[in-house]
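Worksheet: the structure to be examined is printed underneath.
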Amino acid sequence: MTRALAVAAGVTLAAALGLRWGWSAFVAGLLALAHLAVVRHLARQRGTRGEESADAERGRTPRSPAISVRLSGRPTSLVTFAGRRHELQELLGRFEALRAPDAADGAIILAVHGMPGVGKSVLAHELARQLSVHFPDGALFANLGNAGSIRAEADVLNRFLMALGVPKDEIPGPTLERAALFRSATAGKEILVVLDAARDHQQVTRLLPAARGCAVIVTSRRDLAPALGIKPYRLVLPEVEGALEMLLAMISPEPAGTGDTGYDYESAVEIVNTLGRLPLAISAVGDLVAQRAEPLAGVARRLRDRAALEALLSNNGRGVEERIDTEYDRLSGDEQLAFRLLSLVDSASFVPWVLVPLVGDEQRLNHLEAEKLIGRLAERQLLEPAGRDDVTGLDRYRFHPVVRIFAEHRRGEDESLTGPALGRLDDAYLEAVDLILAAGDDLYRRESGPRLPRRWFPAGSSLPRDIGALPQGWVRAESRNLIRCVSAAHRREHWSLCWRVAARLGECVPEGAPADDLTRTFALGLDAAAQLRHRSAARRAQAEVLLARADHLARRESYSPAYDDFHRAALTANHLRPLAAVRRRPRSDPHERAAPGIECDTHRRLAAAHLRAGMYREAAFELTRAERLVPAGGEPRLRRLIALMRAHIEPGSLTGDGYAGADDELYLWFESAMAESERHGGAYKRASDRLRRLRHRYADDVALSCDLLARMADLRLDEHRYGAPVDAGHTLRRALRRAAEALHGYERLGNRVGVVRARCLLVRALVRLHRPKDAEKQLALALSGFARLDPVVSHPLSTVYAALSWARGDLLTEQGLRGEGDLDLRAAAALLLAHGDERTSRMVLGTAAPPPVPGAAGREPAVRLHGEPAAGRVLDVTYSVGPPGLDPDRYPVGARYVRVVLVAPGADVNPPERTARLDAWAPLAPLSFAVTPAAPGRLVLGFLVYDADDGTLLHHVEARPREVTGPALEDAPS
Numbered sequence: 005m006t007r008a009l010a011v012a013a014g015v016t017l018a019a020a021l022g023l024r025w026g027w028s029a030f031v032a033g034l035l036a037l038a039h040l041a042v043v044r045h046l047a048r049q050r051g052t053r054g055e056e057s058a059d060a061e062r063g064r065t066p067r068s069p070a071i072s073v074r075l076s077g078r079p080t081s082l083v084t085f086a087g088r089r090h091e092l093q094e095l096l097g098r099f100e101a102l103r104a105p106d107a108a109d110g111a112i113i114l115a116v117h118g119m120p121g122v123g124k125s126v127l128a129h130e131l132a133r134q135l136s137v138h139f140p141d142g143a144l145f146a147n148l149g150n151a152g153s154i155r156a157e158a159d160v161l162n163r164f165l166m167a168l169g170v171p172k173d174e175i176p177g178p179t180l181e182r183a184a185l186f187r188s189a190t191a192g193k194e195i196l197v198v199l200d201a202a203r204d205h206q207q208v209t210r211l212l213p214a215a216r217g218c219a220v221i222v223t224s225r226r227d228l229a230p231a232l233g234i235k236p237y238r239l240v241l242p243e244v245e246g247a248l249e250m251l252l253a254m255i256s257p258e259p260a261g262t263g264d265t266g267y268d269y270e271s272a273v274e275i276v277n278t279l280g281r282l283p284l285a286i287s288a289v290g291d292l293v294a295q296r297a298e299p300l301a302g303v304a305r306r307l308r309d310r311a312a313l314e315a316l317l318s319n320n321g322r323g324v325e326e327r328i329d330t331e332y333d334r335l336s337g338d339e340q341l342a343f344r345l346l347s348l349v350d351s352a353s354f355v356p357w358v359l360v361p362l363v364g365d366e367q368r369l370n371h372l373e374a375e376k377l378i379g380r381l382a383e384r385q386l387l388e389p390a391g392r393d394d395v396t397g398l399d400r401y402r403f404h405p406v407v408r409i410f411a412e413h414r415r416g417e418d419e420s421l422t423g424p425a426l427g428r429l430d431d432a433y434l435e436a437v438d439l440i441l442a443a444g445d446d447l448y449r450r451e452s453g454p455r456l457p458r459r460w461f462p463a464g465s466s467l468p469r470d471i472g473a474l475p476q477g478w479v480r481a482e483s484r485n486l487i488r489c490v491s492a493a494h495r496r497e498h499w500s501l502c503w504r505v506a507a508r509l510g511e512c513v514p515e516g517a518p519a520d521d522l523t524r525t526f527a528l529g530l531d532a533a534a535q536l537r538h539r540s541a542a543r544r545a546q547a548e549v550l551l552a553r554a555d556h557l558a559r560r561e562s563y564s565p566a567y568d569d570f571h572r573a574a575l576t577a578n579h580l581r582p583l584a585a586v587r588r589r590p591r592s593d594p595h596e597r598a599a600p601g602i603e604c605d606t607h608r609r610l611a612a613a614h615l616r617a618g619m620y621r622e623a624a625f626e627l628t629r630a631e632r633l634v635p636a637g638g639e640p641r642l643r644r645l646i647a648l649m650r651a652h653i654e655p656g657s658l659t660g661d662g663y664a665g666a667d668d669e670l671y672l673w674f675e676s677a678m679a680e681s682e683r684h685g686g687a688y689k690r691a692s693d694r695l696r697r698l699r700h701r702y703a704d705d706v707a708l709s710c711d712l713l714a715r716m717a718d719l720r721l722d723e724h725r726y727g728a729p730v731d732a733g734h735t736l737r738r739a740l741r742r743a744a745e746a747l748h749g750y751e752r753l754g755n756r757v758g759v760v761r762a763r764c765l766l767v768r769a770l771v772r773l774h775r776p777k778d779a780e781k782q783l784a785l786a787l788s789g790f791a792r793l794d795p796v797v798s799h800p801l802s803t804v805y806a807a808l809s810w811a812r813g814d815l816l817t818e819q820g821l822r823g824e825g826d827l828d829l830r831a832a833a834a835l836l837l838a839h840g841d842e843r844t845s846r847m848v849l850g851t852a853a854p855p856p857v858p859g860a861a862g863r864e865p866a867v868r869l870h871g872e873p874a875a876g877r878v879l880d881v882t883y884s885v886g887p888p889g890l891d892p893d894r895y896p897v898g899a900r901y902v903r904v905v906l907v908a909p910g911a912d913v914n915p916p917e918r919t920a921r922l923d924a925w926a927p928l929a930p931l932s933f934a935v936t937p938a939a940p941g942r943l944v945l946g947f948l949v950y951d952a953d954d955g956t957l958l959h960h961v962e963a964r965p966r967e968v969t970g971p972a973l974e975d976a977p978s
């Protein structure tokens, strides 16, 4: 699209919104090509395309507006601004801080930088709109360059001075004189200046006003803040939730969050993830949907084809590819070569040293030069910082998915580089892993023979010392490269290295790694183990690789083959144990000494698989077995790890104020257990924050990321029911979006069990949003998927069936079929209770209506509150019921003991349960509980009566909700 077309689109927008001509030019220059979609959007709302809209689309300019503008009044917000509320508030807060009396003199400068297409101009527009009330003398705008060209500062200053009322014949010719006159003209005024698409700081400094009452908003791809002496602000990609809001703003006539009752979140999540959450590409798709009235599901299907995606980015993509191309053309030859070669790296992120073997010329490029070169690519926004490597301390980098497509396309012009470069990269990883293992594993040094030749790492390299013995965090970040390393080691018959790396790859499921690649990797590891000369070494290696494969399969929820491998790993490790009664001597073979640790780890990881499947009783059994097998030497850590896993089953068993150590696995289980405890205690915000931090830290593990998303969706549904959120609709929409994210992730992973669970979460969220038809569709898909699941979980006594029953019960209740719905809900609760998940069972029962209470003897359940509920104040609650009030079908004959449990989300209950003797015809004496609400809101009291001997649920009743008054406690959820 030409620049004239962009200006025309801006003028069209001004006409559509009824704005003054000056502001229309301001908007036209600021938003450039992105405004065409807004024009179409407004035309659709009017029911006609309009003459000016047609002019803009044909590239005809109705009038020729000035580049610079004098602005007065507050402009209207653009419909395309969405998903950036947090960033906008941060910049507004920074502006207020810079206005303080003790702030530095001179004009306020807010500089925003970021990659091409990240939405800098749209954010600058909204920021200028919000700040316009502070600048009564108006605003000036200049687009300093686009499409590879730079606008001369003299031209911009000429337009600025004319807009400020300086006669044309009084404007000097030299740029420096014009800049001085501009500073004089703005002295004593309160003017906002917006400089979009700046190339360098010299360009900006000549356009700065001098007065303290002025402010300047600068957008650029590179970070200009250090040269300008100000604090930088890097605009990063939006989170998925923000990206969804952007897409919705493009296709919905209503504001995001109000008109999305029929929004197809499942397809929308797939679209924004395919586009890497890049706002410019999202805007292009939104425009496409608006033009063709095509359903999101159809767009999502078409974008799965690489050719269709590339066509969108090049032809319909509003210059997405063009903007990257302009930056690429400005690179030096070495930088262009590095950019192309880095696209060969499989892992989601990488450290700079990988560039050395890719280039293959150590004299031309060493490790230090590689860091500098990659740093320059990041400065040009062609690479993204991916944080600091926790193990090595090196900065990690990654490609944006759209930029990677461009790099791969450019690399295709020189295919002769690919094969040799990948071979050198494999050699470098083999050398790195060999150094790491040799530094920390005595057995490896003895078994592997001579060290691999050293080429890519100097003699004094700190790599072995920094990384240690293949820690989990490093393996997770490098897993895609390590998969290639296993194949390379097997080809070179380096058996000891091959099986050891394969044995570490079961601890995560890397993003984008095909399941077949990992299956082949474990097979190569088992084959390498079989090649070892010593029988005990071979058995140990086979046990560890089998355990890794089992763990990996369990993470994908392929339970049948996973359980088979767990069993084989335990048997193989057991065969390592010497017959002590025959030998009557201590174990001298180090592989035999490793047997108890492998068996312990097998039962512990099997327990983790049971927890993932929701089978808590089975998990508790395996944890007990693992605890008995904890080997000497690893006792403190393993016992702590087992205790943290048990806390998911028994929340009261969690001890300790926090975990600040470097152990990656301990951190995961501690934070996960704390989040679960806070969820059931009603601290929903704290639980959500923990899950969000976990997802950020373990983003490289797609299976764990999906599980965390599903838990976040479930948490929001709990909050909606028990937490009395301020905006219940917003809470439900967040649950819906998280469930849709989890569903998309599970589908990419090939996890059918996860897909069914995610659809059940979608059903429950849709029901509460009063969308029963959409809920019916999701339930039908879930039931269809359930029939094709692994036999371990596809039977009517599984936890997956419990999730289906819960979802179906909620839907039937919403449709007015309360009786049928209650049957499903009670069936779900019974299944969950049978698997040991008592807390979730109570929550399901909280959704169902209380069972009918026969009144033959006139004794019905009685709940009495002695006082009014107030936050932080103890409330006495009593519960009593006579035998006729219990379920007559399950009522025990004769004297029995019953266990009465009080469930009060968001409140502390002491004691949480009481046991009492129940005679056949005598009433149950009132049982007293002390309930302390943590925060104002709705207090729901649920009482469950169990047979104390066999755990049968005899009765359930929920008291009428009461409102809690008073201020929240200091530690209450915010």
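Residue numbers (our numbering): 5 to 978.
Using N, Cα and C, we set each Cβ at its ideal position, and we do this for glycine too.
- In this structure Trp503 touches Ala545 by the C-beta definition: roughly 4 angstroms separates them, less than 8 angstroms.
- Remark: C-beta atoms of Asp605 and Pro475 do not approach each other more closely than 8 angstroms.
- Residue pairing by DSSP puts Thr969 in a beta bridge opposite Ala874.
- In the pairwise beta carbon analysis, the region 693-702 is classified as not touching the region 489-508: fewer than three pairs are separated by under 8 angstroms.
- Beta bridge pairing from DSSP links Phe85 with no other residue.
- When the alpha-carbon of Glu100 is set against those of Phe85, Gly758, Met119, His138, the nearest one is in His138.
- Within 10 angstroms of the beta-carbon of Pro361 lie 16 or more other beta-carbons, which makes it buried.
- DSSP assignment within the region 773-851 yields no whole beta strand (DSSP E) run of 3 residues or more.
- Leu114 sits in a strand when the DSSP states are folded into three classes.
- Boundaries of the beta strand (DSSP E) around His959: 957-962.
- Of the residues Arg843, Leu740, His700, the one whose Cα lies closest to the Cα of Ala717 is Leu740.
- Ser420 counts as exposed, since fewer than 16 other beta carbons sit within 10 angstroms of its beta carbon.
- Residue environment: Val848 is assigned as buried (16 or more neighbouring CB atoms within 10 Å of its CB, all protein chains considered).
- By the neighbour-count definition (other C-beta atoms within 10 Å, threshold 16), Ala786 is a buried residue.
- Contact between the region 433-451 and the region 384-396 is not established, with fewer than three Cβ pairs separated by less than 8 angstroms.
- If you ignore the 5 residues before and after Glu375, its C-beta comes within less than 7 angstroms of the C-beta of Pro356, all in its own chain and listed in chain order.
- Following the DSSP letters along the chain, one finds Thr628 inside the alpha helix (DSSP H) bounded by residues 620-632.
- Judged by beta-carbon spacing, Leu580 lies within the 8 angstroms limit of Arg543, meaning their Cβ atoms are closer than that value.
- DSSP lists Arg903, Leu957 as the beta-bridge partner residues of Tyr950.
- Between the region 327-344 and the region 293-306, the count of Cβ pairs shorter than 8 angstroms is below three; the stretches do not touch.
- Around the beta carbon of Arg632, fewer than 16 other beta carbons sit within 10 angstroms, so the residue counts as exposed.
- Rounded to whole angstroms, the separation of the alpha carbons of Arg459 and Leu486 is 19 angstroms.
- Judged by DSSP secondary structure, Ser884 falls outside any alpha helix (DSSP H) and instead within the beta strand (DSSP E) spanning 879-884.
- Apart from the 5 residues on each side of it in sequence, Arg553 sits with its Cβ closer than 7 angstroms to the Cβ of Gly510, Phe526, Asp569 in its chain, given in chain order.
- Taken atom to atom, the span from the alpha-carbon of Ser540 to that of Leu348 is near 39 angstroms.
- The bridge partners DSSP lists for Thr936 are Asp912.
- In terms of Cβ geometry, Leu161 and Arg187 do not form a close pair [threshold 8 angstroms].
- A distance below 8 angstroms separates the beta carbons of Val935 and Val881.
- Collapsing the DSSP output to three states places Phe139 in coil.
- Here DSSP, grouped into helix, strand and coil, assigns Ser353 to coil.
- Excluding residues up to 5 positions away in sequence, Tyr332 lie with their Cβ nearer than 7 angstroms to the Cβ of Gln340 in the same chain.
- Here Ile195 is not bridged, per DSSP, to any residue.
- Assignment of Phe145 by DSSP, reduced to helix, strand and coil, places it in the strand class.
- Cβ contact annotation for Arg641 (same chain, cutoff 8 angstroms, sequence separation greater than five): Asp667, Leu670, in chain order.
- Distances from the alpha-carbon of Cys764 to those of Gly123, Asp841, Asp778 put Asp778 closest.
- Distance check between Arg699 and each of Trp673, Ala285, His117 places Trp673 closest, using alpha-carbon atoms only.
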